[in-house]
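Visitor: Chains as they are written, first to last, in our numbering: chain G, 853 to 1123; chain Y, 853 to 1123; chain P, 853 to 1123; chain E, 853 to 1123. From the three backbone atoms N, C-alpha and C, an ideal C-beta is built for every residue, glycine too.
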Ligand SMILES: [Fe+2]
Ligand SMILES: [Fe+2]
Ligand SMILES: [Fe+2]
Ligand SMILES: [Fe+2]
Ligand SMILES: [Fe+2]
Ligand SMILES: [Fe+2]
Ligand SMILES: [Fe+2]
Ligand SMILES: [Fe+2]
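Right, here's the structure in full:
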């Protein structure tokens, strides 16, 4: 089965690039299931229902979020009625929305989860325990045909510890949040494909997607600065492509996807 | 001028790979100046004089450090007498060693600095101000022919803000510390080559170079665990190659370097 | 019912002062139940079985811990067999020891818990949820006659938010960890006695109980310094005294206890 | 000489209590110089020029700030023309306003500084080095008759390390920011009076001055909550009184000041 994951979509530049490219990219890659992290799609901070609908319409099967999940409050009533939109699984009991779901891809079932790290991030319940509980009820190659986890975390150590902890139980574990694609796509010994970070879909001539001058000023000064706004140059689309073994749900190959925006291009061979 | 930078060398696997590969890599790339981050070369924590000498002997012109600079105390007397070994520039006044230096590469002069970020790291003086002061006395294309800054930092935002702040004043600004190579090598509008993180030289079947089981246990448990030790499988060598314009010191091209250890290979075209 | 709580015992100075004073203090106050935070009793870092036994022998009914719980590994087998020694309740599932217990004080039953905050501290499961679960099975004035919670946390905001959240369900909620007694002892509107921090039992001519020069050097320098060791001057004993209503378990009065060591003395009136 | 320092004034309750009480308190204590931390005076976040003027009119000689210095932007033009208002000394070069000043108190001169800690706070230049530089130009008992430093910091360890580092060079070093008065007022061996935290002037039936329900909800949930607003019950006034030796500028006595708001009352003896 062919899966495509795209990293944090940032602002207008990022979402317009994704919306424009996704139909053709999906076809070119033969992707049967597409997950997009949308936590920064609305002006860099959060997601609106309207933008969520546009991303679904462009070909995303599931959208994930992260620490910016609720930056736009209007997403809260929307997520209650939209099971294809996931917020971090390890948010406190009682949080609106869902952190994981099983979705149909034709005759196949795909488990998707969004889980958030804790190192250098907010205080949350343990993402490792939450994921262990999730896999106690979903078995790759048994109850689901593929499993994709978006681990939204700052520290490379936490993302890698997470991936090794669940190696063999997911098709793909992919990091998000740093807004920089890592060049370490690989299949772990247990058969799970992994990349420390998918990178963002946004304008890289920026500070993690935001306009350079205002963002840099925050490191130079301790003053209320200009508001941060997304950079508006040409966006790169960054993500990860995985092909799974239908018998086991494990990964047969992983390849980074990078297109446009001044980054070096990357596309799976033979597509 | 051709510059090669290699990211954090981790443990025996990392340093033996670098020592074995560097002579040939240097020749193949025609690299005239080589900088290696060695903060994890001694069993994952710090650097010893003996390992420092071995890395110089293998072809490193300058070694940089980071938050693990003093993990091995015997490096302190050594650094006092070894100007080619740099510790973070923005360490407090009175800290042994130097944070920057100008080094000869044949008839050319290369400025190298090691500077440390603050976001999610220790309390330090401002790396931006320290670097501004450095460039007040060293002008690229005027007093030095090339300038390379290793910005040792956790957050992608801080590294990118730093790079944009000094775009046009350095040949290469390259991040270290996350131990994951980023796939965003590019030349910024002002002519400075940049990659958010060089990645480590070490065994990637690990948690940032350390053995998986013990490192992952730290995220699952709050108990004194096994000591962390470097992973000992085949190491990947990760770094960045830059070619500069001799007239200006600015970058003409940047290319990631990745070799061995199960990562996808990357080498500049035409070498 | 009369309860006495003593804050973090630091090193030899702290524990010798507590061991010497506790029998008389207990008698003078008519304290029927005594809880002591012992996380720093062993040379400032952790607790040994031997020191634990000495504190029990001197009159402590229960000992609590905190982020230094496991600094001395020999406490781990000891805690397994010693229900009177409590480690943080919200440590991960599978952690040795217990985080709460119900203890006999003559014919009465006292619930004691040790819970750890997260703000500026380690990643842990939610202390608020853990405590909510605890009170779901223990009702003050119904299943237990008194309830005392040691909330080991850095931030005053988290300790106060915690206290208000459980106001009316505990006899005493008292903070530990900052090693400084707060002067805000009061009974909250719901009847729970509260003091943001009990303060340490140790030598205050120090940096939170550790020798001044080495501890201050860590703020001035980024170098491997002298090892920290507890200050050895006269220790102050710091804690909180509470008298409860036997019918409800709620607090009738709270008074700080401070004795010796150069701090202003404080003792409940009429004792 | 008699000095009075009042801790973080929080919101309307805090500032109205201070404005009402200060004239009489000043007279009762015979205070010749009064410093008030005003970083939370405007609805809990920052200070407005109008509130600043009201505090000066009520008897404050100098106002200090902290991490909330710029929460109200209109204070920035005001501070440029008001030398009696101090922001953190170790803010970056180029920051508006001043971090220290020498002020006349009759025929005497008083040095006042506001300096900010770094542990668990923002990235700033070293407060220890900044203060060392300050004392290189101002000598207690030589160029100034008294010196008072408000060290605005989270961690008790940093505040105590700071106090010991400058023991003998200031009349009073007093912490702010935790919004809880510490019960550890004392004169250090070198003659500097010290209290780890002055406590806030505000309503203590709150979470550090803010309304309980909304503030506690932030620890229970990860959702955009109600906005925080200051608690509006009766405020306690919290501070520190110091009497100095006119010959040396060192402290002869220190006494906590607490008045109203349900905290235990404290006032220097004999006033
Ligand atoms: Fe993001
Ligand atoms: Fe994020
Ligand atoms: Fe490193
Ligand atoms: Fe590092
Ligand atoms: Fe402690
Ligand atoms: Fe502690
Ligand atoms: Fe404050
Ligand atoms: Fe503050």
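Within its chain, find whatever has a CB closer than 6 Å to the CB of residue 961 of chain G; leave out the 5 residues flanking it on each side and keep chain order.
Guide: Around residue 961 of chain G: 954, 996, 997.
Visitor: In the structure shown, what three-state DSSP assignment does residue 1047 of chain P receive?
Guide: Here residue 1047 of chain P sits in strand by DSSP.
Visitor: From the DSSP output, in three-state form, read off residue 931 of chain Y for me.
Guide: Note: residue 931 of chain Y maps to helix in three-state DSSP.
Visitor: Counting only runs that start and end within the region 906-968 of chain G, where is the beta strand (DSSP E) found for 3 or more residues in a row?
Guide: Here the runs fully enclosed are 914-916, 952-957, 960-968.
Visitor: Which same chain residues, not among the five before or five after residue 949 of chain P, have their C-beta less than 6 Å away from its C-beta?
Guide: Correct list, in chain order: 931, 939.
Visitor: In chain E, which residues lie with their C-beta within 9 Å of the C-beta of residue 974 of chain G?
Guide: The answer, in chain order, is 1074.
Visitor: For chain E, is any of its Cβ atoms less than 9 Å away from the one on residue 1038 of chain G?
Guide: Answer no: the Cβ-Cβ gap between residue 1038 of chain G and chain E never drops below 9 Å.
Visitor: Does the distance between the C-beta of residue 1028 of chain G and the nearest non-hydrogen atom of ligand 1 fall short of 8 Å?
Guide: Yes, ligand 1 has a heavy atom inside 8 Å of this Cβ.
Visitor: If you reduce the DSSP assignment to three classes, tell me which class residue 1063 of chain P lands in.
Guide: Correct three-state label for residue 1063 of chain P: coil.
Visitor: When you check each C-beta in the region 919-935 of chain G against every C-beta of chain E, which residues fall closer than 7 Å?
Guide: Taking 7 Å as the Cβ-Cβ cut-off against chain E, the residues of the region 919-935 of chain G that qualify are 922, 925.
Visitor: Where does the unbroken beta strand (DSSP E) through residue 971 of chain E begin, and where does it stop?
Guide: Careful: residue 971 of chain E lies outside any beta strand (DSSP E) and carries neither H nor E.
Visitor: Would a check of beta-carbon distances place residue 1130 of chain E closer than 9 Å to chain G?
Guide: Absent from the model: residue 1130 of chain E. The displayed extent of chain E is 853 to 1123, so no value can be given.
Visitor: With distances taken Cα to Cα, identify the nearest neighbour of residue 896 of chain P among P/864, P/872, P/879.
Guide: Of the candidates P/864, P/872, P/879, the one whose C-alpha sits nearest the C-alpha of residue 896 of chain P is P/864.
Visitor: Kindly indicate which residue of G/942, G/1012, G/992 has the alpha-carbon position closest to the one of residue 983 of chain G.
Guide: When each option's Cα is compared against that of residue 983 of chain G, the closest is G/942.
Visitor: Around the Cβ of residue 1117 of chain Y, are there at least 16 other Cβ atoms within 10 angstroms (buried) or fewer (exposed)?
Guide: Exposed, because fewer than 16 other Cβ atoms sit within 10 Å of the Cβ of residue 1117 of chain Y.
Visitor: With 9 Å set as the bound, which would you pick, yes or no: does the beta-carbon of residue 1007 of chain Y sit closer than that to a beta-carbon of chain G?
Guide: At least one chain G Cβ lies under 9 Å of residue 1007 of chain Y.
Visitor: Identify which residue in G/859, G/1014, G/947 has its Cα closest to the Cα of residue 892 of chain G.
Guide: Comparing Cα positions, the closest option is G/859.
Visitor: May I ask you to list the residues that DSSP assigns as paired with residue 1095 of chain P?
Guide: Answer by DSSP bridge pairing, in chain order: P/854, P/1105.
Visitor: Whole-angstrom Cβ separation of residue 1070 of chain E and residue 1077 of chain E, contact assumed at under 8 Å?
Guide: Right, the Cβ-Cβ distance comes to about 6 Å (below 8 Å), so this counts as a contact.
Visitor: Does ligand 8 have a heavy atom nearer than 8 Å to the CB of residue 892 of chain E?
Guide: True, at least one ligand heavy atom lies under 8 Å from that Cβ.
Visitor: Is the Cβ-Cβ distance between residue 1009 of chain G and residue 1040 of chain G less than 9 Å?
Guide: Not in contact: residue 1009 of chain G and residue 1040 of chain G (Cβ atoms no closer than 9 Å).
Visitor: What does the alpha-carbon distance come out to for the pair residue 1090 of chain Y and residue 923 of chain P?
Guide: One C-alpha to the other measures close to 37 Å.
Visitor: Report the CB separation of residue 1018 of chain P from residue 1048 of chain P in whole angstroms; it is logged as a contact under 8 Å.
Guide: That belief does not hold up - the Cβ atoms of residue 1018 of chain P and residue 1048 of chain P are roughly 14 Å apart, past 8 Å.
Visitor: May I ask you to report which of helix, strand or coil DSSP gives residue 901 of chain Y?
Guide: Helix, per DSSP.
Visitor: Chain Y partners of residue 944 of chain P, CB-CB under 9 Å?
Guide: Per Cβ cutoff of 9 Å: 1072, 1073, 1074, 1075.
Visitor: Can you give the beta carbon distance from residue 1107 of chain G to residue 1037 of chain G, rounded, assuming they're within the 8 Å contact cut?
Guide: Contact flag correct, Cβ pair sits at about 7 Å.
Visitor: Could you tell me the distance, in whole angstroms, from the CA atom of residue 987 of chain G to the CA atom of residue 1095 of chain Y?
Guide: Roughly 49 Å separates the two Cα atoms.
Visitor: Between the beta-carbon of residue 868 of chain G and the beta-carbon of residue 958 of chain G, is there less than 9 Å?
Guide: Not closer than 9 Å, so no.
Visitor: Which same chain residues end up closer than 7 Å to residue 1098 of chain G when comparing Cβ atoms and leaving out the 5 residues on each side of it in sequence?
Guide: Excluding residues within five positions, the ones whose Cβ falls inside 7 Å are 853, 997.
Visitor: Residue 1059 of chain G and residue 1027 of chain G: beta carbons closer than 9 Å?
Guide: No. Outside cutoff.
Visitor: Going along the chain, which residues of its own chain have a beta-carbon closer than 6 Å to the beta-carbon of residue 1030 of chain G, five neighbours each way excluded?
Guide: Within the same chain, residue 1030 of chain G has close Cβ partners 1049.
Visitor: Looking at the structure shown, is residue 1028 of chain P part of a helix, part of a strand, or coil, going by DSSP?
Guide: Of the three classes helix, strand and coil, the one that applies to residue 1028 of chain P here is strand, per DSSP.
Visitor: Which residues in chain G sit within 7 Å of residue 814 of chain P, going by Cβ to Cβ distance?
Guide: Past the edges of chain P, shown from 853 to 1123, lies residue 814 of chain P, and the structure says nothing about it.
Visitor: Listing by chain order, which chain Y residues have their CB less than 9 Å from the CB of residue 947 of chain P?
Guide: 1073, 1074, 1075, listed in chain order.
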